[in-house]
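Shown next, in structure tokens, is the structure this report addresses.
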Amino acid sequence: MIAGADDFVAIAKFANTKKEWFSKFLDMTAGVPSHDRFNAILNAVKPEEFEPMLLEWITQLHKITDGQVIAIDGKTLRRSYDTATGKAAIHMVSAWATANHISLGQTVVDAKSNEITAIPKLLEIIDVSGGLVTIDAMGCQTEIAAKIVDEGADYCLAVKGNQPTLHEGIKAFFLDHLEDDFARIEVFEHHTKETDHGRVDERSYYLCKVPSDLPDASRWKNLSAIGMSINNTERRKGDEIAVRYYILSKTLEGESFACAVRNHWGIENSCHWQLDVTFGEDQCRIRKGHGDENFSTLRRTALSLLKQEKTAKCGVKNRRLTAGWDDDYMEKVVFSR
């Protein structure tokens, strides 16, 4: 998987061309299994047994930075459906350590459920202690917030209309205090301006300690602060303004709050986008047994390892190509410490 093999046939072919290299680490006297054997084994292995071993290995190789943002988000494997058996495409919820670029774990969303029930399961199998867990509005649930705190972490949760009382209370608070530029209350703020690809992005971030009269505040464990981000984008076709609201269990400085908000999207850009573009995840048709889940775990493990090994000054796609033909580089990726 690290070197570009994206299905069972490719894995068997790669192993056959690299027998000499593999013999340095494995007993290859019986040769390489056929692609059907790889198929049967990866379809049969239980993901809940397989993934923790890979995760333990990665976290031994690369220490997770304390206090970093841990982004949790969902992704559908679009071609994992099977019309013949009526199997729907699987939806995975993943956790991504944004500073270290390491996949911390994932869990499958039950076909009869949604991310709200899957996220607590994910929090039970990964170590988030000491981190700041960020989740979009789907995960803004009192049970999830309490679970994050119970696991020894803090939360930064986006708030939208699925929590109407809380959302309207936060919105009214910031609209009131924006009128006099927060003259009546302490505010932590941060502002940025970026120009790129013919557009100008001006972002403003405001964080305040939770007001005593905030509606619905008592339901949220350790609720400490509320935040707002305003993104004003100028394009040739017109301006766009996006306003988002957040609740946090920890009061942050303005810049730290801005980093948490921006870093959350690292799971989209550094993880999900790479899985689709570099690993072709959305086009993968592996769908029998546990094969789709286990291949998803392998992709995320390979991506994590490739992002850690940076002696090849190129993108992840070219690092895969380099690992495919350069045995020394392959060893650096697999055994880097």
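Numbering (the UniProt record's numbering), first residue to last: 1 to 337.
Cβ coordinates follow ideal geometry from the N, Cα and C atoms, glycine included.
Test item: CB-CB of residue i and residue j under 8 Å
i	j	result
L306	I2	yes
S249	L207	no
G139	I72	yes
F182	P211	no
L175	D154	no
C314	S103	no
F335	D6	no
K193	E179	no
T251	A225	yes
Backbone CA spacing between residue i and residue j [nearest angstrom]
i	j	result
G238	T311	42 Å
F38	G291	10 Å
W273	K75	10 Å
V187	N269	30 Å
I267	W96	6 Å
F257	I230	13 Å
L321	H101	20 Å
R235	T65	37 Å
L55	M28	26 Å
N43	L275	20 Å
R244	A158	7 Å
K221	R285	42 Å
A15	P52	24 Å
For residue j and residue i, believed in contact at Cβ under 8 Å, the rounded distance
i	j	result
E255	H190	5 Å
Q106	T297	7 Å
V333	A323	6 Å
residue 344	C156	This structure cannot settle anything about residue 344, because the visible part of the chain is limited to 1 through 337.
E281	V108	Contact doesn't hold; Cβ gap of about 14 Å is too wide.
Buried or exposed (CB count within 10 angstroms, at least 16 for buried), residue i
i	result
E115	buried
Q60	exposed
L26	exposed
residue 394	Residue 394 is absent from the structure shown; the chain starts at 1 and stops at 337.
L304	Reading off the sequence shown, one finds Ser at residue 304, where the question assumed Leu. Its Cβ being crowded by 16 or more others within 10 Å, S304 is buried.
W57	exposed
Min CB distance residue i to chain C below 8 Å
i	result
G266	Considering every chain present, this structure includes no chain C. It has just one protein chain.
Inset, instruction - Please confirm if the region 251-271 is in contact with the region 159-167, defined as three or more CB-CB distances below 8 Å between the two stretches. - result: no
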